[in-house]
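Trainee:
Number of protein chains: 2
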Amino acid sequence: MGLKQSTSKAAAKPREAAAPSGSQTLLRGLDVLEAAAGGVIGLADLAERLELTRSTAHRLASVLVERRYLAFAPREGYTLGPKLLELGFSARQQMNIIRIAAPHLEALSVATEDTVHLGVQEGALALYLDKIPGRRRVEIGSRVGERQPLTTTGLGKALILDESEERWHELFMADLGARATENAFRIWLKRMRAYARDGHAFDLEENEDRIRCVSAPIREAGGRIAASISVSSAAQYMSDSRMEQLAKEVKATTAAISRELGWRGDPPRA
Amino acid sequence: MGLKQSTSKAAAKPREAAAPSGSQTLLRGLDVLEAAAGGVIGLADLAERLELTRSTAHRLASVLVERRYLAFAPREGYTLGPKLLELGFSARQQMNIIRIAAPHLEALSVATEDTVHLGVQEGALALYLDKIPGRRRVEIGSRVGERQPLTTTGLGKALILDESEERWHELFMADLGARATENAFRIWLKRMRAYARDGHAFDLEENEDRIRCVSAPIREAGGRIAASISVSSAAQYMSDSRMEQLAKEVKATTAAISRELGWRGDPPRA
DNA sequence: TGCAGAATTTCATATTATGGGATATAATTT
DNA sequence: AAATTATATCCCATAATATGAAATTCTGCA
Numbered sequence: 001m002g003l004k005q006s007t008s009k010a011a012a013k014p015r016e017a018a019a020p021s022g023s024q025t026l027l028r029g030l031d032v033l034e035a036a037a038g039g040v041i042g043l044a045d046l047a048e049r050l051e052l053t054r055s056t057a058h059r060l061a062s063v064l065v066e067r068r069y070l071a072f073a074p075r076e077g078y079t080l081g082p083k084l085l086e087l088g089f090s091a092r093q094q095m096n097i098i099r100i101a102a103p104h105l106e107a108l109s110v111a112t113e114d115t116v117h118l119g120v121q122e123g124a125l126a127l128y129l130d131k132i133p134g135r136r137r138v139e140i141g142s143r144v145g146e147r148q149p150l151t152t153t154g155l156g157k158a159l160i161l162d163e164s165e166e167r168w169h170e171l172f173m174a175d176l177g178a179r180a181t182e183n184a185f186r187i188w189l190k191r192m193r194a195y196a197r198d199g200h201a202f203d204l205e206e207n208e209d210r211i212r213c214v215s216a217p218i219r220e221a222g223g224r225i226a227a228s229i230s231v232s233s234a235a236q237y238m239s240d241s242r243m244e245q246l247a248k249e250v251k252a253t254t255a256a257i258s259r260e261l262g263w264r265g266d267p268p269r270a
Numbered sequence: 271m272g273l274k275q276s277t278s279k280a281a282a283k284p285r286e287a288a289a290p291s292g293s294q295t296l297l298r299g300l301d302v303l304e305a306a307a308g309g310v311i312g313l314a315d316l317a318e319r320l321e322l323t324r325s326t327a328h329r330l331a332s333v334l335v336e337r338r339y340l341a342f343a344p345r346e347g348y349t350l351g352p353k354l355l356e357l358g359f360s361a362r363q364q365m366n367i368i369r370i371a372a373p374h375l376e377a378l379s380v381a382t383e384d385t386v387h388l389g390v391q392e393g394a395l396a397l398y399l400d401k402i403p404g405r406r407r408v409e410i411g412s413r414v415g416e417r418q419p420l421t422t423t424g425l426g427k428a429l430i431l432d433e434s435e436e437r438w439h440e441l442f443m444a445d446l447g448a449r450a451t452e453n454a455f456r457i458w459l460k461r462m463r464a465y466a467r468d469g470h471a472f473d474l475e476e477n478e479d480r481i482r483c484v485s486a487p488i489r490e491a492g493g494r495i496a497a498s499i500s501v502s503s504a505a506q507y508m509s510d511s512r513m514e515q516l517a518k519e520v521k522a523t524t525a526a527i528s529r530e531l532g533w534r535g536d537p538p539r540a
């Protein structure tokens, strides 16, 4: 089969370090798919960006077109195809938190006019499951399917509200990396204690500049935090007093969703 | 590489006839993905359904898990992963008709309490791009990303309203296949002429039993039909008089969307 | 009409996917 | 607790399949 890639196995790829063994063809096919997620891309660019020959890129892309994962416009390039609409839809269906939460998120977005997110914890990160854009002309730089740190986002903080302070420390250090000082942690910890007490969290331009948000956890039957939601907007729309007001609305929404998930009880679990 | 599949190339697969040449690994990977779209599936079932060995199924699935296309719960099985949420979202973004139409479809669904669909023509079929479920307890058996015949669905008929009668004949015969008689066509044609005149179409339990729907075309800048929408419900909610009333609402909605697509003009193009 | 860039096909080569089986891990029963 | 099952993961020789250079066919544009 290939001739070139044998050398570039261990080090060359700036991707995740893993995967020395695997299915090259499948991996490359997925690379092609993801390259097209960024927008229309021609065969030449595709081949270059992925360091494939034109033949290989063409062959992989053709298979994906045949299976409707990509769409191809002759002198234009490749775009994501309808199969991904279908699978995306199915993926949503399979996560019933999304289904249950969706109408509540909609309502909250309409009421606040701001962008609403839904997320869950995946490993040591917050995974964005849904996003309802607000009416305001503010672009929130988040994408469904993406992951963000737990300790520096509103969504993330709400997800770890029940964790121990030791765990908080671990996560904080892991997220901040070299930039983490013990002093920074103490300040953060003080805020987190208040958030945990109040059952909601804020994000004050920590993760994204000029963006503030208000978040709260969703609890499932046993009281465990299963997900969280947040309302985000530009700092100019997010005065301290409005954030306090929003906290109530967000908590009313998470309470309604939690109830649908079978949780009956008061914020702090006994 | 493989040993078994060499014989089963031409005939064995009841899939689409094509693809004698291709990237087996990629194709199989996509098969795995689609098998998981049906719901949780264990490794054993997966291997059996796709006629793969456990090793191969495991290897492919592991790659898909690593890339987050699948999620794996140890004693449970594989489900669609968050990457598909992301790509599904991106695919929607790339089709700007979906973006533009979405709020209008929402509003129509709320107003009518019924299921609203958006679709475009893809080849000789209608492709479902979006679906907003209604409030009523009626399950409409359609899935986003799926394709249905043009001549027997409301969505489809609205898409071909501008076609010639010759083309209608071709499509009708192709869709109905062996069941198509010239007499059946004459009856259908008579209705289609009325639909084309009125700028909307009905579907009277032709495609799905006990489901009726009202549809209308969306036109882009040049007047060409770019998409269509439909309102569907159980026949019991769809009296003839209500359908006439709905036709007005649906057309008001398509007019609004068409205007956003840059089309200024009256229903029949000059 | 002819050109240039893009799309597609061909084909010999050996790299990489394959699958049988062996091994490890975890649930379930005796 | 030990035995039993079912499931998950790993290993490796084999050759089938993916590969890429180049040739060929398209297609839009000047």
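Protein chains in written order, with the working numbering: chain A, 1 to 270; chain B, 271 to 540.
Glycine included, C-beta positions come from ideal geometry on N, C-alpha and C.
1. What residues in the stretch 354 to 383 of chain B have a beta carbon less than 7 Å from any beta carbon of chain A?
2. Please report whether the beta-carbon of Ser-293/B lies at a distance below 8 Å from any beta-carbon of chain A.
3. If we ignore side chains and look at the alpha-carbon of each, how far apart do Met-118/A and Asn-477/B end up?
4. What three-state label does DSSP hand Gly-134/A in the structure shown?
5. Taking DSSP as the reference, what is the three-state secondary structure of Thr-79/A?
6. In three-state terms, what does DSSP make of Glu-86/A?
7. Spatial neighbours of Arg-417/B within its chain, please: C-beta separation below 7 Å, excluding the five flanking residues on both sides.
8. If the cut is a Cβ gap below 9 Å, which residues of chain B does Tyr-78/A touch?
9. Below 8 Å on the Cβ atoms is my guess for Glu-264/B versus Leu-531/B; work out the distance and round it to an integer in Å.
10. Which residues in chain B have a C-beta closer than 8 Å to the C-beta of Tyr-69/A? List them in chain order.
11. By Cβ distance, which residues of its chain are closer than 7 Å to Val-214/A, with the 5 residues on each side in sequence left out?
12. Along the stretch 412 to 437 of chain B, what residues have a CB closer than 7 Å to any CB found in chain A?
13. Quick check: Ile-311/B and Tyr-348/B, are their CB atoms within less than 8 Å of each other?
14. Does His-328/B come out as helix, strand or coil in the three-state DSSP assignment?
15. From which residue to which residue does the alpha helix (DSSP H) around Gly-299/B run?
16. Leaving out the 5 sequence neighbours to the left and right, which residues in its chain are closer than 8 Å to Leu-449/B when beta-carbon positions are compared?
17. Going by DSSP, name the residue or residues bridged to Asp-209/A.
18. In terms of residues, what are the limits of the beta strand (DSSP E) holding Val-120/A?
19. Can you tell which of Arg-413/B, Glu-346/B, Ile-402/B and Ile-481/B has its C-alpha closest to the C-alpha of Thr-422/B?
20. Counting contacts by CB-CB distance shorter than 8 Å, is Leu-43/A in contact with chain B?
21. Take Lys-401/B and list the residues in its own chain whose beta-carbon comes closer than 6 Å to its own, dropping the five residues that flank it on each side.
22. According to DSSP, is Val-333/B helix, strand or coil?
23. Is Leu-43/A near Asp-31/A, with beta carbons less than 8 Å apart?
24. Quick one: which chain A residues come within Cβ less than 8 Å of Leu-241/B?
25. Helix, strand or coil, according to DSSP, for Asp-432/B in the structure here?
26. Checking contacts by CB at 8 Å: is Gln-275/B closer than that to chain A?
27. For the structure I just gave you, are there three or more beta carbon pairs, one from the stretch 185 to 193 of chain A and one from the stretch 165 to 177 of chain A, closer than 8 Å?
28. If contact is defined by three or more beta carbon pairs under 8 Å, each pair taking one atom from either stretch, is the stretch 93 to 103 of chain A in contact with the stretch 359 to 371 of chain B?
29. So, helix, strand or coil for Pro-487/B, using DSSP?
30. Which bits of chain B does Leu-127/A rub up against, with CB to CB less than 8 Å?
31. Do Leu-378/B and Val-390/B have their C-beta atoms closer together than 8 Å?
32. Have a look at Leu-357/B, Asp-432/B, Ser-325/B and Ile-488/B and flag the residue whose alpha-carbon is nearest the alpha-carbon of Arg-463/B.
33. Quick one, which of Gly-134/A, Ala-252/A and Val-65/A has its alpha-carbon nearest Ser-293/B's?
34. Straight-line CA distance for Gly-299/B to Ala-505/B?
35. What residue from Gly-351/B, Glu-346/B and Glu-376/B has the CA that sits closest to Ile-527/B's CA?
36. Report the residue from Ala-444/B, Lys-353/B, Ile-488/B and Leu-296/B whose alpha carbon sits nearest the alpha carbon of Val-271/A.
Mentor: The structure says:
1. Leu-354, Leu-355, Glu-356, Leu-357, Gly-358, Phe-359, Ser-360, Ala-361, Arg-362 and Gln-364
2. yes
3. Looking at the sequence provided, one finds Leu at residue 118/A rather than Met. Approximately 37 Å, taken between the alpha carbons.
4. When DSSP states are grouped into helix, strand and coil, Gly-134/A belongs to the coil group.
5. Shown here, Thr-79/A sits in a strand according to DSSP, grouped into three states.
6. helix
7. Closer than 7 Å at Cβ, skipping near neighbours: Glu-392, Leu-395, Ala-396 and Leu-397.
8. The contacting residues do not exist; Tyr-78/A stays about 11 Å from chain B at best.
9. Nothing in the structure corresponds to residue 264/B, since chain B is present only between 271 and 540.
10. Leu-300
11. Gly-154, His-200, Phe-202, Ser-230, Val-231, Met-243, Leu-246, Ala-247 and Val-250
12. Arg-413, Val-414, Gly-415 and Glu-416
13. yes
14. Assignment of His-328/B by DSSP, reduced to helix, strand and coil, places it in the helix class.
15. 294 to 307
16. According to the sequence displayed, residue 449/B carries Arg and not Leu. Closer than 8 Å at Cβ, skipping near neighbours: no residue.
17. Bridge partners of Asp-209/A: none, in fact.
18. Segment 115 to 122, the beta strand (DSSP E) holding Val-120/A.
19. By alpha-carbon distance to Thr-422/B, the top candidate from Arg-413/B, Glu-346/B, Ile-402/B and Ile-481/B is Ile-481/B.
20. For Leu-43/A, the answer is no, since every Cβ of chain B falls outside 8 Å of its Cβ.
21. His-387 and Val-414
22. Here Val-333/B sits in helix by DSSP.
23. no
24. The question about residue 241/B has no answer, for chain B in this structure spans 271 to 540.
25. coil
26. Bear in mind that the predicted position of Gln-275/B carries a pLDDT of just 35, short of 50, making it too unreliable to give a figure here.
27. yes
28. no
29. strand
30. Pro-352
31. no
32. Asp-432/B
33. Val-65/A
34. Going from the Cα of Gly-299/B to the Cα of Ala-505/B covers about 41 Å.
35. Relative to the Cα of Ile-527/B, the nearest Cα in the group Gly-351/B, Glu-346/B and Glu-376/B belongs to Glu-376/B.
36. Outside the modelled stretch of chain A, which goes from 1 to 270, sits residue 271/A, for which no answer is possible.
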